[in-house]
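Heads up, the thing below is written out as structure tokens.
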């Protein structure tokens, strides 16, 4: 089994893969960007891809919804993982010595309150948290720090000078496991759907009512603009499924009401 992830060893994606596949034999294929993960999966370089989809502080990573849709990928697993960010430096460097801090854009956003306390330090968006740590170590950047995990600090022999600098201490990221096809078995209790609707009054409310009337709990809804169709939207919905047969009937009903409906994923609920 080969898993493509965004980021290198010590990144949060690497830790998420280690958690999901604990006890299994697998190989990591690291990519600099989410797009590279999708391309590796489409091209057959790996069996699965793992990408972050949303964070409890920074919100949804909207481009990743389009990556899943446009590359015809399927969600086959998920993990909600607590994220704790730390400021790390070459041993001996003090925070007053810093003029730059490197990290992934999402990590910088999640630590915005801390960074705002140090306005003179320039924030540099880098490929991922682990490679930010690697950069300041290998290039001997005594004027720079990196934001990342304890694992990254240990891996690159860096000193953590500020612990837990994320704005919200209850900071979680939802990672989704991607494959080229849906699983054949029925061992799932959560489904992800994508659909668009006619531009009519109450069309979305009517769809959502079907879930409620038939006793299904919707855990997520996300709207996305449709390219080349101004002010038209498609919707991404996650639903807990406790009765497969009954939900199949709901899908039949929704199929008559929605346009371009697609099952994006079937997997076990990984929520907290």
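In the UniProt record's numbering, the protein residues as written are 1 to 272.
Note that the Cβ used here is the ideal one computed from N, Cα and C, for glycine as well.
Beta-carbon spacing of residue i, residue j below 9 Å
i, j, result
"residue 287", "residue 101", "Because residue 287 is not part of the residues shown, which for the chain are 1 to 272, the question remains open."
"residue 90", "residue 136", "yes"
"residue 144", "residue 105", "no"
"residue 194", "residue 52", "no"
"residue 127", "residue 33", "yes"
"residue 74", "residue 182", "yes"
"residue 189", "residue 268", "yes"
"residue 87", "residue 160", "yes"
"residue 42", "residue 162", "no"
"residue 85", "residue 5", "no"
"residue 12", "residue 149", "yes"
"residue 29", "residue 2", "yes"
"residue 76", "residue 266", "yes"
Option nearest residue i by Cα separation, candidates the options
i, options, result
"residue 72", "224, 263 and 253", "263"
"residue 61", "31, 35, 2 and 199", "35"
"residue 10", "251, 20 and 134", "134"
"residue 94", "158, 199, 56 and 76", "158"
"residue 204", "265, 235 and 250", "235"
"residue 58", "119, 192, 21 and 110", "110"
"residue 198", "209, 29, 255 and 191", "255"
"residue 142", "260, 97 and 230", "97"
"residue 191", "206, 230 and 250", "250"
"residue 206", "92, 253, 22 and 119", "253"
"residue 37", "78, 54 and 64", "64"
"residue 22", "233, 55, 79 and 54", "79"
Cα-Cα separation, residue i to residue j
i, j, result
"residue 153", "residue 8", "13 Å"
"residue 258", "residue 228", "19 Å"
"residue 31", "residue 177", "15 Å"
"residue 27", "residue 50", "13 Å"
"residue 301", "residue 39", "Here the chain has residues from 1 to 272 only, and residue 301 is not among them."
"residue 223", "residue 140", "44 Å"
"residue 220", "residue 67", "18 Å"
"residue 18", "residue 271", "17 Å"
"residue 226", "residue 196", "9 Å"
"residue 210", "residue 185", "25 Å"
"residue 103", "residue 129", "5 Å"
"residue 155", "residue 212", "48 Å"
"residue 187", "residue 138", "45 Å"
"residue 261", "residue 151", "41 Å"
"residue 24", "residue 16", "14 Å"
"residue 230", "residue 92", "54 Å"
"residue 233", "residue 208", "15 Å"
"residue 119", "residue 54", "27 Å"
**Message:** Whether or not the region 44-53 and the region 239-256 are in contact is what I'm after, with contact meaning three or more pairs of Cβ atoms, one per stretch, closer than 8 Å; do they touch?
**Reply:** no
**Asked** Does the region 110-121 come close enough to the region 166-179 that 3 or more CB-CB pairs lie under 8 Å?
**Response** yes
**Request:** Specify whether the region 243-250 and the region 207-222 touch according to this definition: at least 3 beta carbon pairs, one from each stretch, less than 8 Å apart.
**Result:** yes
**Message:** Give the list of continuous alpha helix (DSSP H) stretches no shorter than 4 residues that lie fully inside the region 200-249.
**Reply:** 203-213
**Request:** Within the region 125-185, note down every full beta strand (DSSP E) run reaching 3 residues or more, in order along the chain.
**Result:** For the region 125-185, whole beta strand (DSSP E) runs of length 3 or above, ordered along the chain, are 144-148, 159-162 and 172-179.
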